[in-house]
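Have a look at the structure below, then the notes.
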Amino acid sequence: MTLYEYTCHTHGAFESMHRLGEAPPDASCPVCGGTARRVISAPVVISARRAALFSAVERSEKSRHDPELVTSIPPSGAPRRQVSMTPELWKLPRP
Ligand SMILES: [Zn+2]
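So the mapping is simple: the numbering used here equals the position in the sequence shown, first residue as 1, plus 358.
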């Protein structure tokens with residue numbers, strides 16, 4: 359979803375979320391319900407580091423409502439993912 363900016367002649371600018379490239383050229387003003395025109399503005403450019411941060415936040419938000427679940431046990435011959443553990447975890451009993 360992308361934030362698009364619209365302007366009502368009476369009430370000024372407001373923002374509305376739409377899918378990228380699917381924003382209509384006109385929208386209803388949230389105050390008066392009149393026609394507001396989409397405003398073309400400069401895109402926000404973010405660094406790769408901030409993009410990674412935004413991506414992590416987005417994944418976190420998504421997992422709150424739509425968590426990824428394991429639906430079956432992996433086959434016994436499947437490669438196991440190595441998980442680094444703190445030394446405290448090595449003290450726990452193993453199967
Ligand atoms: Zn208005």
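Where a beta carbon is used, it is the ideal one built from N, C-alpha and C, also for glycine.
Cross-strand partners of residue i (DSSP beta bridge)
{"i": "leucine 361", "result": "Met375"}
{"i": "aspartate 384", "result": "Arg395"}
{"i": "glycine 435", "result": "For glycine 435, which the question treats as bridged, DSSP gives no partner whatsoever."}
{"i": "cysteine 390", "result": "The partner list for cysteine 390 (beta bridge, DSSP) is empty, contrary to what the question assumes."}
Cβ distance (whole Å) where residue i is taken to contact residue j below 8 Å
{"i": "tyrosine 364", "j": "arginine 396", "result": "5 Å"}
{"i": "phenylalanine 372", "j": "proline 388", "result": "6 Å"}
Residue span of the alpha helix (DSSP H) that contains residue i, given as start and end
{"i": "alanine 464", "result": "With the chain covering 359 to 453 only, the question about residue 464 has no answer from this structure."}
{"i": "proline 445", "result": "445-448"}
Identity of the residue in the options nearest residue i by Cα
{"i": "cysteine 366", "options": "Ala436, Thr393, Ser434", "result": "Thr393"}
{"i": "proline 401", "options": "Thr429, Thr360, Gly391", "result": "Thr360"}
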